[in-house]
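Chains as they are written, first to last, in this note's numbering: chain A, 1 to 546; chain B, 547 to 839; chain C, 840 to 1206.
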């Protein structure tokens, strides 16, 4: 991926591409007059937020667009026009010369066929090998794709492999027939950062070795900046800017690219929160959350159990913003659920603003705790009842936990909407009428309604686009100062944690492996795992080079 | 969702204008001729049931046309006549009320009992869930029509008893879907949000579970209405329902059975009316399901 | 629990062997089989209990009803001595608990007493009727599966949208038509008009054609819809795109990649159809005058022959329980994914597919 192409003629040339989705009662234009090129051996990243049309373009190149999609313009692939090409002609190219690495490794493999068969099918389809020879080659391909013990895994089924391993099988399928161009559609967005990094490294290595071109479709600006030669920025189905990847995060020209780049938190964005001075007063203050030896185990179907949280100690003092970082399965969400009284600890103690966890069992204790500690959940589409209006949702804790009258509640809702920068007209709307970012603001307003002391935020921005994510993080930082809140901030995204947390706790396999002030932990991680996590943050490579 | 907003731009500060509900709904309906037709069928069936006298051309029981016994369909007898010279069309129209009433009774019974069981079963869990679900399993194990017939043998014959029997056999379907829906709702974020907001059990059931489960339950109810009409007709056909000369769709087909070699219209028309009604109810159910998404 | 599940799947180092699922497989399978067996026994016991209750829930005196005396009684149709004898034969003079345990024991030993209306032992009546119904059942299931495949493949493979939706509507029609009406229409057309097949009886193979076609037309509608939905879902899955991106033809994508996945819920549905076949045979056997289990059941209800009703309820329940047990156990061999059908399992797709099948089967069963 080092240098751009040498040959004059580009491998892929897209000109004035337009894609319309026809539906009963109208059509939507997903892509409007997009033009760009991919040279031989070049890696081009298509970046944009949801709705930008990046995925649609990727599918159109493979001719895998939806039946209802109407395509105009031109897609030339090494001299052949693909728009309007008959299905049989497309089939000869697919897999053989243009291959796909799909988004979701969990869904990308057929669950009822052995993985090896799925790889060798690529070879057999194009008559490259048959029978035992196809099997032998498939094993080699899987080895090349980085799947260990490939020979013995030939007859494994997808569900027997981990997410990363499945993604390697998909890479194998794409590479099998040694194509000229690979379309990788968000190839790692479903994976943990450390796995993501290994997979991306591997793709990069293979592509460089074989001189294959790569069209990388991604929402992750860090990934694009790190891995591509050039970046094509899309917005609302149009190309906003094309520029070398090295320039993308620092010197984009178009205001939209600039805003995108600025919104993407990276390893050295300016933090949004300031650390409290380490005074005696602060240290002596009674902690809002104090966990000691907190442990939780879950039974596994078929016997046995898994310790999801293993003797965790953590302390949240007034005014702090404590980040809990870890990959999936690290137990961070289980910690949050225990603090919120949604789950009971099996061992250890949990002190919450002077009360104990057992107070969740009494009616008055529960009321008090629910008022003091309020949650913001990950997915606002799920955490807001679709049947209720925004005002009803925000007022729910007011009704249950306070004695406010109806009109007082209404006034408070108006106040809260203003506080989270939503127009008062939003009050009467149902969740489906609002965007994800707006919904998360509603969820935050609901959390603030009863003037809590602590917000437990469980991945509050991970389901949002970067620019919206940035706004929500700024809102949280602003509210923290205005309301004197303390945060317990659960996230898998280190760059986000770095922006909004003063303290951080790193969890792995249910245990805390490192803790400290955010700045220090990130600057000089002590534990090996933390170092790996920090190194895996996308976007770090470009920054280091600059 | 048109959720993409620029950073720096009027920050998510605008909510999209409200879609014109009535207008867009009408446009949506017009785009689906099948659904429109099904709703029309429903309207006709309801009209027949409410005011059969307005639509019937003859009296269904006493109007015996001695000159036209087993007459083929004609301008004066649209669906022909039966052995006694009664007008088949008028009997079908007059039979609507009983057939549909039986269907509605059956579905209401299954819906109320089944939904309550399913919701409580999922929400309370534990032994209650186990007992309810095993009971439902037992009911499912005995094929629907046999279960209804066994219930008829206890309740006695007659259309209303048949309706109750069909309703009993329909309980498992509602119990299962409401249970599944409730479990789905309990796994959603808003259930955790409601709990942490201090809302009590009853509040959660009434404010969150009921409104969100009702969509899927109504889809099933529309589908089951067709199923119940079919089952009631089947049991009537077997002779457990209406007693002659009361007109009822299923028993009319049964009466015509003796003459299938000579008078095809006796069985064909009542049967076709049943089929069209059930088809319409299936289509409406599908329309409801689409709207839910 | 998600945390636990995620834990076992988390990648760790790339060299990690995929051992955990394999290790859990054997113990999980045994556990599942035992649990499923236990469940079947409980349901069976429930069905027997339900059938025991039938005679006790009847308002009034079952003996009077059976002998035709009715509740009001138009006088004694039978003298009181004979009534007392019947009462004793049915065990109704015993305390209820004794009756119950006696009933359980007799159910376990296939001894259902004498049929009142025929005067024969119930078990021998069933033995003569069973082959007639089995023959009809097998023929109709085969026809139904073939028809459903035709519907489903047509609805996804035909070249134009109009043809595809036409095929889909045809299968919709199958679910809406009353079985007794279809039976009569087929009789009118093929027996009386064309004279191709006999109208009544169960003697020849020709006599089997119309009844099994009647049953098949109705179940094929539901089965065809489940298959079609399954195919459409599978074709929209990411793995179908992976397959298409290899350059294979759409026909091959459907046959090799989608059909296998789509047939998993359909397989459950076929199991429920087989288990519930007696529902359909009551009507069809009555129309075509076949002396099978279904016709017996109708006659037993008409005659209020409680011993026969009870025996047939148990028989149908037992048949359903056994068939669905076999299907559920076989499922684990057909579907390589190990997870047992559970509400909270990670294979949500499949369990919802299964509920759809369950729902649809209940619908199909009532017709």
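Virtual Cβ for every residue (Gly too), placed ideally from N, Cα, C. Treat the numbers as computed from the prediction; the structure is a model and nothing was measured.
Helix, strand or coil at residue i [DSSP, three-state]
i	result
residue 955 (chain C)	coil
residue 315 (chain A)	strand
residue 17 (chain A)	strand
residue 296 (chain A)	strand
residue 30 (chain A)	strand
residue 344 (chain A)	coil
residue 625 (chain B)	coil
residue 669 (chain B)	helix
residue 330 (chain A)	coil
residue 538 (chain A)	coil
residue 96 (chain A)	coil
residue 511 (chain A)	strand
residue 43 (chain A)	strand
residue 572 (chain A)	Any property of residue 572 (chain A) remains undetermined from this structure, which presents chain A solely from 1 to 546.
residue 1159 (chain C)	helix
residue 530 (chain A)	helix
residue 83 (chain A)	coil
residue 875 (chain C)	helix
residue 1171 (chain C)	helix
residue 72 (chain A)	strand
Residue i, buried or exposed, once every other Cβ within 10 Å from all chains shown has been counted against 16
i	result
residue 1075 (chain C)	exposed
residue 942 (chain C)	buried
residue 221 (chain A)	buried
residue 828 (chain B)	buried
residue 863 (chain C)	Residue placement at residue 863 (chain C) is flagged as unreliable, the pLDDT there being 40, under the threshold of 50; the coordinate-derived value follows with that caveat. Flag for residue 863 (chain C) reads buried.
residue 671 (chain B)	exposed
residue 424 (chain A)	exposed
residue 438 (chain A)	buried
residue 264 (chain A)	buried
residue 66 (chain A)	exposed
residue 534 (chain A)	buried
residue 338 (chain A)	buried
residue 677 (chain B)	exposed
Rounded distance between the beta-carbons of residue j and residue i, thought under 8 Å
i	j	result
residue 383 (chain A)	residue 292 (chain A)	Wrong, their Cβ atoms sit about 29 Å apart, outside the cutoff.
residue 456 (chain A)	residue 375 (chain A)	5 Å
residue 751 (chain B)	residue 665 (chain B)	7 Å
residue 176 (chain A)	residue 210 (chain A)	That belief does not hold up - the Cβ atoms of residue 176 (chain A) and residue 210 (chain A) are roughly 12 Å apart, past 8 Å.
residue 102 (chain A)	residue 1077 (chain C)	5 Å
residue 1143 (chain C)	residue 904 (chain C)	5 Å
8 Å Cβ cutoff met for residue i and residue j
i	j	result
residue 15 (chain A)	residue 73 (chain A)	yes
residue 116 (chain A)	residue 157 (chain A)	no
residue 1049 (chain C)	residue 1031 (chain C)	no
residue 186 (chain A)	residue 218 (chain A)	yes
residue 163 (chain A)	residue 200 (chain A)	no
residue 801 (chain B)	residue 705 (chain B)	no
residue 506 (chain A)	residue 489 (chain A)	no
residue 1066 (chain C)	residue 988 (chain C)	yes
residue 710 (chain B)	residue 651 (chain B)	yes
residue 230 (chain A)	residue 44 (chain A)	yes
residue 1003 (chain C)	residue 1010 (chain C)	no
Check: residue i C-beta below 7 Å from any heavy atom of the ligand SAM
i	result
residue 159 (chain A)	With respect to the ligand SAM, the structure offers nothing, as it holds no ligand at all.
Short CB-CB distance (under 8 Å) between residue i and chain E
i	result
residue 405 (chain A)	Any reference to chain E falls outside this structure, whose protein chains are A, B and C.
- Could I get the ranges of all uninterrupted beta strand (DSSP E) runs contained in the segment 1070-1141 of chain C, with 3 residues as the minimum, in chain order? none
- Residue ranges of each alpha helix (DSSP H) within the segment 943-1014 of chain C, 4 or longer: 961-996
- Task: Note down, one range per segment and in chain order, each alpha helix (DSSP H) of at least 4 residues found wholly within the segment 380-422 of chain A.
- Result: 380-383, 390-401, 406-419
- Which ranges would you report for the beta strand (DSSP E) in the segment 124-190 of chain A if only whole runs of at least 3 residues count? 181-185
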